[in-house]
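There are 2 protein chains.
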Amino acid sequence: MNPLEAKLKEKSIAPTAMRVVVLDFLLKQSAALSLTELELGMHRTDRVTLYRTIRTFEEHGLVHRIEDGSGVTKFAMCQTSCNVDGHHDLHIHFYCTQCKETHCLPKTHIPEVSLPSGYLALDTQLIVKGLCGSCNVAIT
Amino acid sequence: MNPLEAKLKEKSIAPTAMRVVVLDFLLKQSAALSLTELELGMHRTDRVTLYRTIRTFEEHGLVHRIEDGSGVTKFAMCQTSCNVDGHHDLHIHFYCTQCKETHCLPKTHIPEVSLPSGYLALDTQLIVKGLCGSCNVAIT
DNA sequence: TAAAACAATGCAATACAATTGCATGCCAGC
DNA sequence: GCTGGCATGCAATTGTATTGCATTGTTTTA
Ligand SMILES: [Mn+2]
Ligand SMILES: [Mn+2]
Ligand SMILES: [Zn+2]
Ligand SMILES: [Zn+2]
Chain A
4 MNPLEAKLKE KSIAPTAMRV VVLDFLLKQS AALSLTELEL GMHRTDRVTL
54 YRTIRTFEEH GLVHRIEDGS GVTKFAMCQT SCNVDGHHDL HIHFYCTQCK
104 ETHCLPKTHI PEVSLPSGYL ALDTQLIVKG LCGSCNVAIT
Chain B
4 MNPLEAKLKE KSIAPTAMRV VVLDFLLKQS AALSLTELEL GMHRTDRVTL
54 YRTIRTFEEH GLVHRIEDGS GVTKFAMCQT SCNVDGHHDL HIHFYCTQCK
104 ETHCLPKTHI PEVSLPSGYL ALDTQLIVKG LCGSCNVAIT
């Protein structure tokens, strides 16, 4: 069986042709993608279908949503531990102000923060903006 | 002299009538406001003028922009140390998933993060989502 | 002071991401 | 092979962010 289809079934997603193609494309990326970037990277695909495909992926723990403050939502593949019950790949996201790319930094864990009493933390997002490795080297 | 006008002049902002009114309104808020919320909270104001007013405030270090992942940009008053050269009030922002309010937590500082070698951090944003004090009490 | 220069405002219009509605297509199970 | 449910494609809508431009208001300077 096609490993892409298997990956979809693992997350209880019906492996349609479109979903296989989108998954294949996403797996090849080194940076998180916006819906528009995803649309441009593929041939003749309907934006709304992509929108719903990504939403299905997100709901089933296959990709996660990244709000990097650039104004558009970006998406990247999840770690294997995520599923329909929730996302568990809580890591830092890095937005490069030079190349505009957003990278997951799964090795860098998010530090604990102490909130005022009464506050209950359910989810923490840490976005670092700056220069990525490639752009930093290019400048110096 | 009007203390509101003085506050504007401190940041080198010409104290027009509209700016005084907007500043007055912002100072009364306990949560960060979106442009739409700001518009609704005032009488007969043009949205674009508000947009440019807020942008002027931001550029001069009077308010700061908060991207809390809710899709809309929110704004809140800065600490006194901010000016046209930059914002220095780097603190955590809390988004309550119940009441949808975004709060500045200026007492809680953002911890240092260690990035992969080569990466250069210029700005760090930490958003915590969960239940604010009021909503947490209301539920339990 | 009056004219000129400049900045701020209001209204119209645009750009674009996100989202919904609905008709049609496709596929699995009966 | 029929049928019900999910997936897809296209049109349309929503809502925020942003720009253009004419007008108004304010400050500078002759
Ligand atoms: Mn990530
Ligand atoms: Mn703040
Ligand atoms: Zn870069
Ligand atoms: Zn709340």
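If you read the sequences in order, they're chains A and B. For the first sequence, position 139 (counting from the first letter as 1) is numbered 142 according to my numbering, and the numbering increases by one without interruption. For the second sequence, position 77 (counting from the first letter as 1) is numbered 80 according to my numbering, and the numbering increases by one without interruption. Heads up, the beta-carbon is just placed ideally off N, CA and C, and yes, glycines get one too.
For the beta strand (DSSP E) that residue i lies in, which residues bound it at each end?
i	result
B/Gly133	Leu123 to Leu134
A/Glu115	Element bounds for A/Glu115: n/a, residue is neither H nor E.
B/Ile57	Per DSSP, B/Ile57 belongs to no beta strand (DSSP E); it is in the alpha helix (DSSP H), Arg50 to Glu62.
A/Glu70	Val66 to Glu70
B/His94	His94 to Cys99
Is residue i near ligand 1, going by C-beta to nearest heavy atom under 7 Å?
i	result
A/His94	yes
A/Cys107	yes
Going along chain A, which residues have a C-beta under 9 Å from residue i?
i	result
B/Val140	Gly121
B/Thr100	Leu125 and Asp126
B/Leu108	Val116, Leu118, Pro119 and Tyr122
Under DSSP, the alpha helix (DSSP H) around residue i begins and ends at which residues?
i	result
B/Lys10	Pro6 to Glu13
A/Ala20	Ala20 to Leu30
B/Thr83	It is not in any alpha helix (DSSP H) - B/Thr83 carries neither H nor E in the DSSP assignment.
A/Glu40	Leu38 to Leu43
For residue i, which residues in chain B fall below 8 Å Cβ to Cβ?
i	result
A/Leu134	Tyr122, Leu123 and Leu125
A/Thr111	Val116, Ser117, Leu118 and Pro119
Under 7 Å between beta-carbons, which chain A residues line up against residue i? List them in chain order, please.
i	result
B/Gly72	Glu70 and Gln128
B/Leu30	None at all; the shortest Cβ gap to chain A is about 21 Å.
B/Ile95	Val116
Since I believe residue j is in contact with residue i (beta carbons under 8 Å), could you give me their beta-carbon distance rounded to a whole number of angstroms?
i	j	result
B/Ile113	B/His94	7 Å
A/Val23	A/Leu38	Actually they are not in contact, since the Cβ atoms of A/Val23 and A/Leu38 sit about 18 Å apart, beyond 8 Å.
B/His67	B/Cys81	5 Å
A/Lys14	A/Leu65	5 Å
B/Lys103	B/Ser73	7 Å
A/Val116	B/Val116	Incorrect: roughly 12 Å between the Cβ atoms, too far for contact.
B/Ala35	B/Cys135	Actually they are not in contact, since the Cβ atoms of B/Ala35 and B/Cys135 sit about 12 Å apart, beyond 8 Å.
A/Leu125	B/Thr105	So it is not a contact: roughly 15 Å between Cβ atoms.
Does ligand 2 have even one heavy atom less than 7 Å from the beta-carbon of residue i?
i	result
B/Ile69	yes
CB of residue i to nearest heavy atom of ligand 4: below 7 Å?
i	result
A/Cys81	no
B/Cys138	yes
B/Leu134	yes
B/Glu40	no
A/Glu61	no
B/Glu104	yes
In this structure, what does DSSP give as the bridge partners for residue i?
i	result
B/His106	B/Phe97
B/Ala79	B/His67
Ligand 3 and residue i: does the residue's C-beta get closer than 7 Å to at least one heavy atom of that ligand?
i	result
A/Gln101	yes
What in chain A is Cβ-close to residue i, meaning under 8 Å?
i	result
B/Val205	This structure does not reach residue 205 of chain B, given that chain B is present from 4 up to 143, and the question cannot be answered.
Just to make sure I have the definition right: I need the residues of chain B whose C-beta is within less than 7 Å of the C-beta of residue i. Which are they?
i	result
A/Val131	Val116, Leu118, Ala124 and Thr127
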